[in-house]
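A.B. asks:
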Amino acid sequence: MKLNQAPSFTTISLIAAPQDMASKRALVILAKGAEEMETVIPTDVMRRAGIKVTVAGLTGKEPVQCSRDVFICPDASLEDARKEGPYDVVVLPGGNLGAQNLSESAAVKDILKDQESRKGLIAAICAGPTALLAHGIGYGSKVTTHPLAKDKMMNGAHYSYSESRVEKDGNILTSRGPGTSFEFGLAIVETLLGKEVAEQVKAPLILKD
């Protein structure tokens, strides 16, 4: 499909909220094959909290085809977004192909290494944590993943495994899959802004307790 043609799939544009109430900044790295819900829901939740979120396309600013053929329009290319760093949190969505692309990216490795060295928050969901393994990030941490990514994540015994829907160990925050995307986003908000703000964001979402 040519980019100047109207895509035949759903296109979602993620545009930052007009006010950065919290002065916190997040970088969501979007790769081809990313899981849509794990990208959009945490981004939405963080923006509701006033966090300034940049959705950065791994290979550029063109629309990214996700795992279920939804196209998401990044705010910036990763190359340009890196110049605006550092960020308070770096977020890695899942999706098998998306996680593989994150795992194979030298730019992602550099960003994660820098984030880890400055003790910044790193958040990954579903298969996304396997990119942490690939780049040697957070060794020794307790993590969770999608059940189908568990064996890959535990290869080499660099982590301890949790069955929790969201797991936070130091500056590494992980979660399990599409169905935990709201909890994942709220955990990021709570870590950066506190429990009270997270509860205020959660209340109008009508989530099941």
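If you read the sequence shown in the numbering used here, its first letter stands for residue 38, the second for the next number, and so on.
Virtual Cβ for every residue (Gly too), placed ideally from N, Cα, C.
#1: So, for Leu115: in the same chain, excluding its five sequence neighbours on each side, which residues have a beta-carbon less than 7 Å away from its beta-carbon?
#2: Tell me which residues share the same chain as Lys61 and place their Cβ nearer than 6 Å to its Cβ, disregarding the 5 neighbours each side in the sequence.
#3: Once the 5 residues before and after Asn192 are set aside, which same chain residues still bring their CB inside 8 Å of it?
#4: For Pro55, count neighbouring C-beta atoms within 10 Å of its own C-beta (all shown protein chains included) and say buried if the count is 16 or more, exposed if not.
#5: Measuring alpha carbon to alpha carbon, tell me which residue in Leu129, Ala118, Asp81 and Glu72 is nearest Phe219.
#6: Rounding to the nearest angstrom, what Cα-Cα distance links Asp147 and Leu129 in this structure?
#7: Look up Ile225 in the DSSP assignment and say whether it is helix, strand or coil.
#8: Mark Ile78 as exposed unless 16 or more other C-beta atoms lie within 10 angstroms of its C-beta, in which case mark it buried.
#9: For my contact list, Arg76 and Glu121 are in at a C-beta cut-off of 8 Å; report their separation, rounded to the angstrom.
#10: Would you decide whether Leu185 is buried or exposed? Buried here means 16 or more other CB atoms lie within 10 Å of its CB.
C.D. replies: By the coordinates alone:
#1: Ile66, Ala93, Gly94, Leu95 and Ala144
#2: Cβ neighbours of Lys61 beyond the five flanking positions: Ile88, Asp125 and Leu229.
#3: Leu170
#4: Because the pLDDT of Pro55 is 38, which lies under 50, any placement of that residue in the model is unreliable, and the number read from its coordinates should be weighed accordingly. Pro55 should be labelled exposed.
#5: When only C-alpha atoms are compared, the closest one is Asp81.
#6: 14 Å
#7: helix
#8: buried
#9: A small correction: the amino acid at residue 76 is Thr; Arg does not occupy that position in the sequence shown. Rounded, the Cβ-Cβ distance is 19 Å, inconsistent with contact.
#10: exposed
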